[in-house]
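Participant: Chains as they are written, first to last, in this note's numbering: chain A, 1 to 137; chain B, 138 to 530. Just dropping this structure here.
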Amino acid sequence: MNTKPIPEMSDLSRHYWEQAQREALVLQRCTRCGTYQFYPRAWCTSCFCQELEWTPVSGRAEVFSFSIVHYPPFESYTDSVPYILATVKLEEGPQMMCNLLECDLDAVRVGLPVQVCYEVREGDFKVPQFRPVGGGA
Amino acid sequence: MSNSSPAAYIGAVSELRPGRYPEWDGTDMYRQVVCKFLAEHPEIRPADIQGLLVCPAGMATGDADIFVHERFGEEIGIQPRFAETINAGGATYGVMVQRAVLAVERGLADAVLCLGAGKFPKVGGPGAAEKNAKMASHPEFEFPYGTFIPALYAQAASRHCHEFGTTEAQLAAVSVNSRSWAQKHPDALMAAKGPLTVEQVLASKPIATPFKLLDCSVPCEGGAAVLVCNSDMACRLTSTPARILGMGETHLHSSISQAGDLFELGGKSAAKSAFAMAGVSPTEVSVLESYDSFSFNPILSLEGLGFVKPGGGGRFFEEGRAAPGGSLPVNTYGGLLSFGHTGDSSGMSMIVEATRQVMGVAGDRQVPNAEIALAHTYGGMMAEHSVLLLGRG
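Rendered as structure tokens:
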């Protein structure tokens with residue numbers, strides 16, 4: 001059983017996680033200036049407009065930075081090392097943290113093209129993750 | 138010094154020997170800091186101090202106590218006109234000095250006592266590692282991916298390695314440099330371990346690439362006191378006070394995945410403000426004290442602060458230019474890497490050492506003719522930065 005953490009969602013982020021259960025990646029987009037943002041906020045950090053629209057995005061990204069973790073930080077990761085903790089930059093601009101799944105440890109590099117995928121955790125909860133485009137890398 | 142340099146000084150510093158003090162809680166640690174400071178400066182009386190700045194006690198254990206200034210004002214026996222419990226992680230004490238300078242300049246206080254005492258988070262107990270990871274990363278959008286502090290810092294380090302070809306051997310050279318300085322400091326935790334080699338660092342246990350165990354600072358407990366004061370008070374306390382030549386701060390992101398410009402993580406804007414205020418350039422700085430919770434950070438600081446070109450930091454350490462006798466000694470007290478990382482109070486060590494260097498009281502590790510010292514501290518995941526430029530008063 002995958003006992004990795006289930007995020008504690010807020011009213012602000014509930015839609016993001018609900019869409020993730022349907023395997024859709026959505027970002028807030030400002031109705032005034034058009035900027036995409038992540039993570040969810042009550043206002044647009046580019047222009048302070050409070051009218052934001054949830055918008056499906058491509059899920060295409062590239063690796064911005066990463067670390068191959070050898071030392072399990074807490075119990076639910078004991079059987080997962082080594083794993084990759086990465087920051088990816090989405091095609092639409094925002095950056096997000098994730099793990100790189102189905103990725104050869106020798107092949108991970110900054111700039112690697114990746115695509116969103118979903119990891120199933122306890123209670124069938126799906127968490128957005130990324131894997132190399134074309135698989136394996 | 139320029140006309141815009143503040144008329145404020147550091148007139149006295151004191152620091153506990155880093156170590157493990159299981160018999161002391163957060164309040165006891167503060168008390169020990171005050172005891173040592175008062176013992177070392179017997180000329181100071183309660184009426185001399187009109188300002189008190191402290192950090193929340195017990196942050197590391199998750200039981201932050203934000204009433205420290207209230208309780209310690211009473212315990213020390215003063216009724217300050219200016220007091221706060223403030224926190225900016227590792228940048229706390231740099232920020233405290235900056236607040237104290239403003240108070241002294243404005244005439245709110247002749248002297249402001251800045252105190253810090255800390256215990257390093259113990260992540261061994263049940264749930265403790267998760268709690269620590271949630272503090273260091275976004276609890277909803279980073280923590281669920283298995284975060285912890287080394288892997289979060291590694292996000293910046295791996296980016297730097299990619300952009301500039303910085304090598305793991307260059308990171309290791311930073312740890313080696315710190316150990317060589319630590320051997321000159323009687324209180325440094327790792328002094329007795331003897332010199333360190335690049336090979337030893339590279340062969341140490343892998344934690345989170347590019348970091349191995351010996352790329353990480355040494356957890357311990359400790360604390361320090363810094364007295365920021367006006368010229369009269371400074372002259373009463375010492376013939377060689379440290380003048381505040383310039384200062385700057387920036388508060389960037391909270392979550393490392395949301396960080397922007399890499400060089401801001403090395404203190405770029407804070408340094409720009411400090412150098413402009415001081416009217417000096419990086420080439421005039423004699424010694425650099427740079428926050429080094431990981432070996433990578435002083436490399437980035439050298440670049441961000443403007444001492445070397447982007448990408449030149451690794452080579453600087455590899456060539457021994459930061460070592461004893463080098464062109465710009467870095468972390469002359471041994472750094473968090475070899476002096477010890479005293480948890481909540483870690484950001485004190487750079488300020489204490491920079492002060493001692495320009496005061497000329499740094500013992501065996503004294504840099505000859507140390508006219509100007511720069512203390513760069515940061516808090517969070519390289520998020521909150523303070524830069525102080527100190528000169529011979």
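Glycine included, each C-beta is placed from N, C-alpha and C at the ideal position. Values in this document were obtained by computation on a predicted structure and should not be read as measured data.
Shorter than 8 Å from the beta carbon of B:His299 to some beta carbon of chain A?
Facilitator: yes
Participant: Measuring alpha carbon to alpha carbon, tell me which residue in B:Arg182, B:Ala288, B:Arg157 and B:Met233 is nearest A:Ser65.
Facilitator: Per the Cα distances, B:Ala288.
Participant: On the DSSP bridge assignment, give the partners of A:Pro132 in chain order.
Facilitator: DSSP, once it has assigned bridges, lists A:Val114 as partnering A:Pro132.
Participant: Just checking, does the region 33-47 of chain A make contact with the region 303-323 of chain B on the three C-beta pairs under 8 Å criterion?
Facilitator: no
Participant: Would you kindly report the start and end of the unbroken beta strand (DSSP E) that includes B:Ile147?
Facilitator: Tyr146 to Glu152
Participant: Identify whether B:Asp185 lies in helix, strand or coil by the three-state DSSP scheme.
Facilitator: helix
Participant: Using DSSP bridges, identify the partner residues of A:Glu92.
Facilitator: Answer is none; A:Glu92 lacks a bridge partner.
Participant: Nearest to B:Ala362 by alpha carbon, out of B:Ala149, B:Phe400, B:Leu465 and B:Ala319?
Facilitator: B:Ala149
Participant: Does B:Gln307 get closer than 8 Å to chain A when you measure Cβ to Cβ?
Facilitator: no
Participant: Are any of the Cβ atoms in chain A nearer than 8 Å to that of B:Ile181?
Facilitator: no
Participant: Label B:Gly500 either buried or exposed according to how many other C-beta atoms from any shown protein chain fall within 10 Å of its C-beta, with 16 as the threshold for buried.
Facilitator: exposed
Participant: Please confirm whether A:Leu172 has its beta-carbon closer than 8 Å to some beta-carbon of chain B.
Facilitator: Residue numbering for chain A in the displayed model covers 1 to 137; residue 172 of chain A lies beyond these limits and cannot be assessed.
Participant: Determine which residues of the region 371-397 of chain B have a Cβ less than 7 Å from any Cβ of chain A, and write them out in chain order.
Facilitator: Here the close residues are Ser394 and Gln395.
Participant: For a cutoff of 8 Å on Cβ pairs, would you count A:Lys126 as touching chain B?
Facilitator: no
Participant: Check whether the region 111-127 of chain A and the region 430-449 of chain B touch, using three or more Cβ-Cβ pairs below 8 Å as the test.
Facilitator: Here the region 111-127 of chain A does not lie against the region 430-449 of chain B, with fewer than 3 beta-carbon pairs under 8 Å apart.
Participant: Quick one: what's got a C-beta closer than 6 Å to B:Val534's C-beta in the same chain, skipping five residues either side?
Facilitator: Absent from the model: residue 534 of chain B. The displayed extent of chain B is 138 to 530, so no value can be given.
Participant: Do you know offhand how far A:Trp43's Cα is from A:Glu23's?
Facilitator: 25 Å
Participant: Given 8 Å as the limit, is there contact between the region 480-499 of chain B and the region 253-271 of chain B, that is, 3 or more CB pairs closer than that?
Facilitator: yes
Participant: How is A:Trp17 classed by DSSP in three states: helix, strand or coil?
Facilitator: A:Trp17: helix per DSSP, three-state reduction.
Participant: Going by the CB atoms, is the gap between B:Leu465 and B:Gly450 shorter than 8 Å?
Facilitator: no
Participant: Name the residues in the region 88-102 of chain A whose C-beta lies less than 7 Å from a C-beta of chain B; which are they?
Facilitator: Gln95, Met96, Met97, Cys98 and Asn99
Participant: Taking B:Arg502 and B:His322 to be in contact with their CB atoms under 8 Å, please state how far apart those CB atoms are, rounded to whole angstroms.
Facilitator: In this structure B:Arg502 is in contact with B:His322, their Cβ atoms being roughly 6 Å apart against a cut-off of 8 Å.
Participant: Relative to the C-alpha of B:Gly264, which residue among A:Arg29, A:Asp11 and A:Tyr77 is closest?
Facilitator: A:Tyr77
Participant: Would B:Glu386 and B:Ala413 qualify as a contact pair, given that the criterion is a beta-carbon distance under 8 Å?
Facilitator: no
Participant: Smallest Cα separation from A:Tyr83: which of A:Glu102, A:Gly59, A:Cys30 and A:Lys89?
Facilitator: For A:Tyr83, the nearest C-alpha among the options comes from A:Glu102.
Participant: Quick one: which chain A residues come within Cβ less than 9 Å of B:Gly471?
Facilitator: The contacting residues do not exist; B:Gly471 stays about 24 Å from chain A at best.
Participant: Please state whether the Cβ-Cβ distance between B:Pro115 and B:Leu189 is less than 8 Å.
Facilitator: Residue coverage of chain B in this structure runs from 138 to 530, which leaves residue 115 of chain B outside it and unanswerable.
Participant: In whole angstroms, give me the CA-to-CA distance for B:Arg208 and B:Gly416.
Facilitator: Approximately 40 Å between the Cα atoms of the pair.
Participant: Start and end of the beta strand (DSSP E) containing B:Leu595?
Facilitator: Here chain B covers residues 138 to 530 and nothing more, so residue 595 of chain B does not appear.
Participant: Kindly list, in the order they appear in chain A, the residues whose Cβ is closer than 7 Å to that of B:Thr346.
Facilitator: Ser67 and Ile68
Participant: Using the Cα positions of A:Pro73 and A:Asn99, report the straight-line distance between them to the nearest angstrom.
Facilitator: 14 Å
Participant: Hey, is B:Gln216 close to the ligand ATP, as in C-beta under 7 Å from one of its heavy atoms?
Facilitator: Ligands in the displayed structure: none, and consequently the ligand ATP is not present.
Participant: Which stretch, first to last residue, makes up the alpha helix (DSSP H) that contains B:Tyr515?
Facilitator: Looking at the DSSP string, B:Tyr515 is not in any alpha helix (DSSP H); the run it does join, the beta strand (DSSP E), is Ile509 to Gly516.
Participant: Is there a C-beta anywhere in chain B that falls below 8 Å from the one on A:Pro113?
Facilitator: no
Participant: Could you name the residues of the region 250-271 of chain B whose beta carbon sits closer than 7 Å to any beta carbon of chain A, in the order they occur along the chain?
Facilitator: Residues of the region 250-271 of chain B that bring their beta carbon within less than 7 Å of a beta carbon in chain A comprise Ala266, Glu267 and Ala270, in sequence order.
Participant: For B:Asp429, does the count of other Cβ atoms within 10 angstroms reach 16, so buried, or fall short, so exposed?
Facilitator: For B:Asp429, the number of other beta carbons within 10 angstroms of its own is at least 16, and it is reported as buried.
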